[in-house]
Amino acid sequence: MEVLVVMFIFTLASLLIAEIFVNVQRAQQNTRDAQIAYTDARYLLEVLSREIRASTIAYGEYPSSTPESVETVLHLTSGEGKVLSFRHDTAACPGVPCVTIERDLGGESVISSPNLSVDKLEFYITPLADPFPDTVTVGTPDIQPQVTIVLKTSSLNIKIQEQKPIYLQTTVASRVYKR
């Protein structure tokens, strides 16, 4: 009888230890995947910021010549005069929202990580009118153009029930001064 009780206690302890080990391993994997997703999101934000700093906003590329207060597409003009367009795209990546860049109205290429779902990408452009027109008028804004980027992402490697979205936001001013 004592042997049976000892076997039961030993089996129960072994099962508990194994369950704790599996749970710890799963938590470590989720933490690692979340850290990778956060790093990928920060890198994406840095790529966007770097291009904005080195370029000017292409006000003429927007349909009404003036961008809306919130845009999902950002048009820039690089130092070489080429048009860069960043957009939140749901068609370029199979089944996953991503961020694409189109260089000089050519083909698009994906710049976000394949392990990252870009759930939201918004650009808030200030000022709404070009502050560097050919002829300065009374209503011409007198501030340096800047873009606020709002980014919401999540990892594709974590189960949907355990996912926590990653929110990032930054404001970047163009370093191109024309006055």
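Residue numbering for the sequence shown follows my numbering, starting at 654 and increasing by one per position.
C-beta: ideal position from N, C-alpha, C; glycine also.
> Quick one, which of Ala694, Leu758, Pro798 and Gly734 has its alpha-carbon nearest valine 752's?
Replying inline: Translated into positions along the sequence shown, residue 752 becomes position 99. Nearest of Ala694, Leu758, Pro798 and Gly734 to valine 752, Cα basis: Ala694.
> Can you name the start and end residues of the alpha helix (DSSP H) that phenylalanine 674 belongs to?
Replying inline: Within the sequence shown, the letter at position 21 stands for residue 674. From DSSP, the alpha helix (DSSP H) with phenylalanine 674 extends over 655-707.
> Exposed or buried, which one is valine 771 when buried takes at least 16 other CB atoms within 10 Å?
Replying inline: As a working mapping, residue 771 is identified with position 118 in the sequence shown. By the neighbour-count rule (16 or more Cβ atoms within 10 Å), valine 771 is buried.
> Excluding sequence positions up to five away, which residues of its chain have a Cβ less than 6 Å from the Cβ of alanine 826?
Replying inline: Start at 1 with the first residue of the sequence shown, and residue 826 comes out as number 173. Cβ within range, chain order: Gln797 and Gln799.
>> Pop quiz: leucine 697 and isoleucine 764 are said to be a contact at Cβ under 8 Å. What is the actual Cβ separation, rounded to whole angstroms?
In response: Position 44 of the sequence shown holds residue 697. Position 111 of the sequence shown holds residue 764. Confirmed, about 7 Å.
> What is the C-beta distance between leucine 729 and isoleucine 710, in whole angstroms, given that I count them as a contact (C-beta under 8 Å)?
Replying inline: In the sequence shown, the residue the question calls residue 729 occupies position 76. In the sequence shown, the residue the question calls residue 710 occupies position 57. Sure, about 6 Å apart at Cβ, within 8 Å.
> Which value, in whole angstroms, describes the spacing of the CA atoms of glutamate 704 and aspartate 742?
Replying inline: The residue labelled residue 704 in the question sits at position 51 within the sequence shown. The residue labelled residue 742 in the question sits at position 89 within the sequence shown. If you take the alpha carbons of glutamate 704 and aspartate 742, they lie about 18 Å apart.
>> Would tyrosine 777 and threonine 801 qualify as a contact pair, given that the criterion is a beta-carbon distance under 7 Å?
In response: Reading the sequence shown from its first residue, position 124 is the one you call residue 777. Reading the sequence shown from its first residue, position 148 is the one you call residue 801. Result yes, Cβ atoms of tyrosine 777 and threonine 801 sit closer than 7 Å.
>> Please identify the residue among Tyr830, Pro818, Thr824 and Lys812 whose C-alpha is closest to the C-alpha of alanine 680.
In response: In the sequence shown, counting from the first residue as 1, residue 680 sits at position 27. With distances taken between Cα atoms, alanine 680 lies closest to Lys812.
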